Amino acid sequence: MSYDTLVVGAGIAGLTAALRLTEQGQRVLIAARGVGATHLAPATIDVLGYLGDARVESPAGSMKALLAASPDHPYRHIPADQLAASLTWFTARAGTLGYVGSLEENMLLPTALGVPRPSALAPQTMSAGDLRAGGRFVFVGVKGFKDFHPALIAENLVRAELSQPVTARAVELEAPPGGLGDLSGRVIAGRFDDDDLSHWLAGELVNRTEPDERIGVPAVLGVRSATETWGELERTLERKVFEVSTLPPSIPGIRLYEAMARALRAGGARIVHGVRVVGAHANDGRIASVDVVNATGTVSHPIGSVVLASGGFASGGLELDSFGVTRETVFDLPLIGVPTTERVRFAPGYFDAQPLARAGVATDDLLRPVDAAGRPVYTNLHAAGAIVGGAVPWKEMSGTGISIATGYAAAEAILAPATLAVSEAVR
Amino acid sequence: MSSLEADVLVIGGGSTGAGVARDAALRGFSTILVERRDLADGTTGRFHGLLHSGGRYAVKDPSAARECIAENRILRVTAADCIEDTGGMFVSTPWDDPEYGDLFLEGCEATGVPAEEIPAAEALRREPRVNPEIRRAFLVPDASLDPWKLVWGCARSAEEHGARILPYHRVLELEVDGDRVVGAHVRSEHSGEDLRIHATVVINAAGAWAGQIAELAHCKVNVRAGMGLMIAMNHRLVHMCVNRCKRPADGDILLPLRTACVIGTTDVFVPDPDETEIRQEDIDLLLDEGEKLVPGFRQARALHAWAGVRPLFEETAEVAETRDVTRSHALLDHSAREGVAGFLTITGGKTTTFRLMAEAAVDAACLQLGGPRACRTAEVPLAGSESHVLYQIGSRLAAREPVPRAEEIICECELITRHRLEDAIKQRDTTSLDDIRRLLRLAMGPCQGGFCIYRAAGILHAGGSIDQAAANRTLLDFLEERWKGLHPILHGDQLRQARLDDWIFQGILDVEHLPA
Numbered sequence: 038m039s040y041d042t043l044v045v046g047a048g049i050a051g052l053t054a055a056l057r058l059t060e061q062g063q064r065v066l067i068a069a070r071g072v073g074a075t076h077l078a079p080a081t082i083d084v085l086g087y088l089g090d091a092r093v094e095s096p097a098g099s100m101k102a103l104l105a106a107s108p109d110h111p112y113r114h115i116p117a118d119q120l121a122a123s124l125t126w127f128t129a130r131a132g133t134l135g136y137v138g139s140l141e142e143n144m145l146l147p148t149a150l151g152v153p154r155p156s157a158l159a160p161q162t163m164s165a166g167d168l169r170a171g172g173r174f175v176f177v178g179v180k181g182f183k184d185f186h187p188a189l190i191a192e193n194l195v196r197a198e199l200s201q202p203v204t205a206r207a208v209e210l211e212a213p214p215g216g217l218g219d220l221s222g223r224v225i226a227g228r229f230d231d232d233d234l235s236h237w238l239a240g241e242l243v244n245r246t247e248p249d250e251r252i253g254v255p256a257v258l259g260v261r262s263a264t265e266t267w268g269e270l271e272r273t274l275e276r277k278v279f280e281v282s283t284l285p286p287s288i289p290g291i292r293l294y295e296a297m298a299r300a301l302r303a304g305g306a307r308i309v310h311g312v313r314v315v316g317a318h319a320n321d322g323r324i325a326s327v328d329v330v331n332a333t334g335t336v337s338h339p340i341g342s343v344v345l346a347s348g349g350f351a352s353g354g355l356e357l358d359s360f361g362v363t364r365e366t367v368f369d370l371p372l373i374g375v376p377t378t379e380r381v382r383f384a385p386g387y388f389d390a391q392p393l394a395r396a397g398v399a400t401d402d403l404l405r406p407v408d409a410a411g412r413p414v415y416t417n418l419h420a421a422g423a424i425v426g427g428a429v430p431w432k433e434m435s436g437t438g439i440s441i442a443t444g445y446a447a448a449e450a451i452l453a454p455a456t457l458a459v460s461e462a463v464r
Numbered sequence: 008m009s010s011l012e013a014d015v016l017v018i019g020g021g022s023t024g025a026g027v028a029r030d031a032a033l034r035g036f037s038t039i040l041v042e043r044r045d046l047a048d049g050t051t052g053r054f055h056g057l058l059h060s061g062g063r064y065a066v067k068d069p070s071a072a073r074e075c076i077a078e079n080r081i082l083r084v085t086a087a088d089c090i091e092d093t094g095g096m097f098v099s100t101p102w103d104d105p106e107y108g109d110l111f112l113e114g115c116e117a118t119g120v121p122a123e124e125i126p127a128a129e130a131l132r133r134e135p136r137v138n139p140e141i142r143r144a145f146l147v148p149d150a151s152l153d154p155w156k157l158v159w160g161c162a163r164s165a166e167e168h169g170a171r172i173l174p175y176h177r178v179l180e181l182e183v184d185g186d187r188v189v190g191a192h193v194r195s196e197h198s199g200e201d202l203r204i205h206a207t208v209v210i211n212a213a214g215a216w217a218g219q220i221a222e223l224a225h226c227k228v229n230v231r232a233g234m235g236l237m238i239a240m241n242h243r244l245v246h247m248c249v250n251r252c253k254r255p256a257d258g259d260i261l262l263p264l265r266t267a268c269v270i271g272t273t274d275v276f277v278p279d280p281d282e283t284e285i286r287q288e289d290i291d292l293l294l295d296e297g298e299k300l301v302p303g304f305r306q307a308r309a310l311h312a313w314a315g316v317r318p319l320f321e322e323t324a325e326v327a328e329t330r331d332v333t334r335s336h337a338l339l340d341h342s343a344r345e346g347v348a349g350f351l352t353i354t355g356g357k358t359t360t361f362r363l364m365a366e367a368a369v370d371a372a373c374l375q376l377g378g379p380r381a382c383r384t385a386e387v388p389l390a391g392s393e394s395h396v397l398y399q400i401g402s403r404l405a406a407r408e409p410v411p412r413a414e415e416i417i418c419e420c421e422l423i424t425r426h427r428l429e430d431a432i433k434q435r436d437t438t439s440l441d442d443i444r445r446l447l448r449l450a451m452g453p454c455q456g457g458f459c460i461y462r463a464a465g466i467l468h469a470g471g472s473i474d475q476a477a478a479n480r481t482l483l484d485f486l487e488e489r490w491k492g493l494h495p496i497l498h499g500d501q502l503r504q505a506r507l508d509d510w511i512f513q514g515i516l517d518v519e520h521l522p523a
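Quick look at the structure:
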């Protein structure tokens, strides 16, 4: 079996590129060491949440200021209309998860510490948590579930900087029947999927909340049927209900992964986990084949294009060794954002700007990793997601936005080489 | 200002001070201990955790070796719950002169430290990750010691015998009446309230800070701070305390400490014991020395680095090399030295000999408190060690396994349950996650608090012991404090972990934008 494109990594960036390519008729192989950051992160689509210390109201409106402050930022390769197109495309593909929001205005969704966190898009199960219009909120914890502390959320939330007044209070429910002990989010989600807990939760909440209160619950309403469970809760209670993201594993992120993986498989793409891409064979500056190590040995795949979506340090796309050398782990690509040996790699304060934070590959406008002279390392290798340097996504709240935008752009570059080659020549 | 009275006031809440307080209380003296920060927050909580057999000092410092083996035997009985009987091994690597082994055996023989040479192949069978090129190996009764358990065990024993233990109480002045020290003026770092403590004898057990305390009574104690760096590694790369068989030097000890192991150490004079900067070259030195003991050490996962300061006492300040200072302790009676009565300083020494130091100090105090009373600390077990059962790795897991889903595990790395955490909060009456860390080892495993710190802050807050502002503050303080020990060693998988933690705290929880 031969493939048109190999995608390295199964996070949102890799899934986005792969799905876009599959839809356009390509045969795609996704080779991944494991699942990506979907299973860790909240599954909101964060395009740009903070510029320095300032909260961003409009990601689209702040893009110019971001690029002025961070000239190497991955978004500099994404034209505004393509960013918008990528999010529209994503929203349609996420299907029943029902993403709402826009690039023009961030929603503010409470975190599990009660901080209003800016996101461009969010699944509909979270959208009623939007704090911009103010209102009355109640946060619901469950005894035995250690990853959600409603009293702290509520007390922080009422002190948050918001344009409209909010009130917030906490309710702590006794553990669900048969659910004593150490409840993990994954276990609770499974019980919601089995329709074991929806009636219990509705019954507990009906007399403990008021009709004009919005009810925040931990984001554990199920993996398979969360949207239905959420809709049923809202209908039964006749109240707005929303999920609040908390510690990993991220149940909403697992839903997103499953939705995209389903679409990929339906389209004929192949997803292989537990393998490692270890290098490429190139001719004339083009990758001709890649070596993939699986449990039985190394397989060489002839390939037309490659999308490197292996993630940053958190996912193993980058590594720093004990001698202070930073490497891109798949193709040993040149990196930017890596302090020289004389400079410190980490600042002494935890919240300081960290010198190594923006490490990653630099790319051209076709998202192809480039060398120090700005030339593509391979003409058919593209990068997407956290492996692209120049951003501090966990501070900017830009991680999923960058992944979708660059994953989409990498796919577009592969799909339309002729047109883009012309526009490149013009430039 | 309120005031308290006691026979003995102890200044310093490390192993020495806690040991002195316990010893004095066991002899029936009314006793108060003050510590400017938390107990075991200074040198004791920052040492490598080796209960010395004495082997390390057998050649160079025989009197220290004799003290170590005697105390080692006593503590295995009286502080059993703080000690894991790992055993110790001295090995000659290709970088070490194998003939030093003969000197080593002679020194051990002369000082009474049991030492037995075993074939290198047998040593490698016991320690498969140790450098296969070792030429000689010697077994000694080294062990692994939990400093927090030790100090808290002493403190609770002291309290059971009527002592008052006051952490977070800083000494502002010593009160001098004529030619006597008669007490101290202290301030609570939590409430800001001042307190006068009148005491017949004041015992300065401030370790590397003893010079600063002595100056308050215009006495001179020439104690210098010898900074030592340690790195905790994520696995037990060795089962025993493995030492290089050579003259003591940097980076020549690797010992298991619960589920981790610790490599130490360096030794550099620092002018101020509160200024301990971790330098990259010292990290590299330890990693390189680790590589000699355990090939592949640099690829293993480093968890955390920290520096402690040894109190090094010298009558004169003329010693250039810290390792040339004796590791025996010094007891200074300031009435004999400067004509200041009611004031003793006990410093120098090491954690292994803390009990002996306490005995010496309280023996001297007795002379000013109406005559000798017998020391009982060599026989009476510490609080928590009454059963005389040595700590065993895996005991927390063993306690949980029969009922795996009985309750929430708040810190999966260290297997800390919700009850245990809630009990600790109550017992300590604390508002600080860092205090809880020292008590329970919360957040000391591979994820360094990535998962448990949010939970613990939520539980502290929900239990009513702190308000929202204090919960936020202790969470942020913890992250800053943790970073100090993390960033010097970040590479490989621990950087990966740290980045995941960045995502959790900054990306998911958005702690940077918490309200005040």
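Note that the protein sequences, when read in sequence, are chains E and A.
Residues 38 to 464 in our numbering are what the first sequence spells out, letter by letter.
Residues 8 to 523 in our numbering are what the second sequence spells out, letter by letter.
Just so you know, even glycine gets a beta-carbon here, dropped at the ideal spot from N, CA and C.
Here the structure is a predicted model, which means the values were calculated and not measured.
With H, G and I counted as helix, E and B as strand and the rest as coil, what does DSSP make of residue 402 (chain A)? helix
Is it true that the CB of residue 194 (chain E) sits closer than 8 Å to the CB of residue 242 (chain E)? no
With a cut-off of 8 Å on the beta carbons, I'd call residue 145 (chain E) and residue 155 (chain E) a contact; round off their distance for me. 6 Å
Starting from residue 222 (chain E), trace the alpha helix (DSSP H) both ways and give me its first and last residue. 222 to 230
For residue 119 (chain A), count the other beta carbons within 10 Å of its own beta carbon; 16 or more makes it buried, fewer makes it exposed. Which is it? exposed
Of all Cβ atoms in chain E, is any one closer than 8 Å to the Cβ of residue 102 (chain A)? no
Grab me the residues of residue 503 (chain A)'s own chain with a C-beta within less than 7 Å of its C-beta, minus the 5 sequence neighbours each way, in chain order. none
Where residue 431 (chain A) and residue 156 (chain A) are concerned, what is the direct C-alpha to C-alpha distance, given to the nearest angstrom? 13 Å
Ignore the nearest five residues each way along the sequence and tell me which others in residue 510 (chain A)'s own chain have a CB closer than 8 Å to its CB. none
Between the Cα of residue 107 (chain E) and the Cα atoms of E:452, E:428, E:445, E:450, which residue gives the shortest distance? E:428
For residue 513 (chain A), which residues in chain E fall below 7 Å Cβ to Cβ? 431, 432
Answer yes or no: the CB of residue 184 (chain A) versus the heavy atoms of the ligand SAM, is any distance below 7 Å? Among the ligands in the structure shown, none appear at all, so the ligand SAM cannot be discussed.
For residue 408 (chain E), count neighbouring Cβ atoms within 10 angstroms of its own Cβ and tell me buried if that reaches 16, exposed if not. exposed
Extent of the continuous alpha helix (DSSP H) to which residue 162 (chain E) belongs: 161 to 164
Select from the region 482 to 499 of chain A all residues with a C-beta closer than 7 Å to any C-beta belonging to chain E, and list them in chain order. 486, 487, 490, 494, 497, 498, 499
In three-state terms, what does DSSP make of residue 400 (chain E)? strand
Simplified DSSP state of residue 422 (chain A), which is helix, strand or coil: coil
Against residue 521 (chain A), what residues of chain E qualify as contacts under a CB-to-CB distance less than 7 Å, listed in chain order? 150, 152, 193
Residue 160 (chain E), buried or exposed, once every other Cβ within 10 Å from all chains shown has been counted against 16: buried
So if I threshold CB-CB distances at 8 Å, which residues from the region 464 to 476 of chain A count as touching chain E? 464, 465, 466, 468, 469, 474, 475
Taking C-beta to C-beta, are residue 132 (chain E) and residue 348 (chain E) nearer than 8 Å? no
What are the boundary residues of the alpha helix (DSSP H) that includes residue 243 (chain E)? 235 to 243
Let me confirm a value: residue 360 (chain E) is counted as buried when at least 16 other C-beta atoms fall within 10 Å, else exposed. Which label applies? exposed
So, at 6 Å on beta carbons, what are the nonlocal neighbours of residue 124 (chain A) in its own chain, with the 5 sequence-adjacent residues on each side left out? 145
For a contact meaning CB atoms closer than 7 Å, what does residue 101 (chain E) contact in chain A? Ordered by position in chain A, no residue passes the 7 Å Cβ test against residue 101 (chain E), which lies about 23 Å from the chain.
Taking the alpha carbon of residue 63 (chain A) as the reference point, which residue from A:84, A:46, A:95 has its own alpha carbon closest? A:95
Determine the DSSP secondary structure at residue 520 (chain A), reduced to helix, strand or coil. helix
Residue(s) in a DSSP beta bridge with residue 87 (chain E): E:92
Interface partners of residue 5 (chain E) on chain A, CB under 7 Å: Here chain E comprises residues numbered 38 to 464, so residue 5 (chain E) is not present and cannot be evaluated.
Just tell me which of E:164, E:224, E:52 has its CA closest to the CA of residue 264 (chain E). E:164
Taking residue 226 (chain A) as the reference, give the member of A:238, A:346, A:264, A:179 with the closest Cα. A:346
Go ahead and pull the three-state DSSP assignment for residue 428 (chain A). helix
Mind checking residue 530 (chain E): buried by the 16 CB within 10 Å criterion, or exposed? Absent from the structure is residue 530 (chain E), since the part of chain E shown begins at 38 and ends at 464.
When you compare the CB of residue 358 (chain E) with every CB in chain A, is at least one pair closer than 8 Å? yes
Whole angstroms are fine: how far does the CA of residue 183 (chain E) sit from the CA of residue 429 (chain A)? 13 Å
Span of the alpha helix (DSSP H) around residue 250 (chain A): Looking at the DSSP string, residue 250 (chain A) is not in any alpha helix (DSSP H); the run it does join, the beta strand (DSSP E), is 248 to 251.
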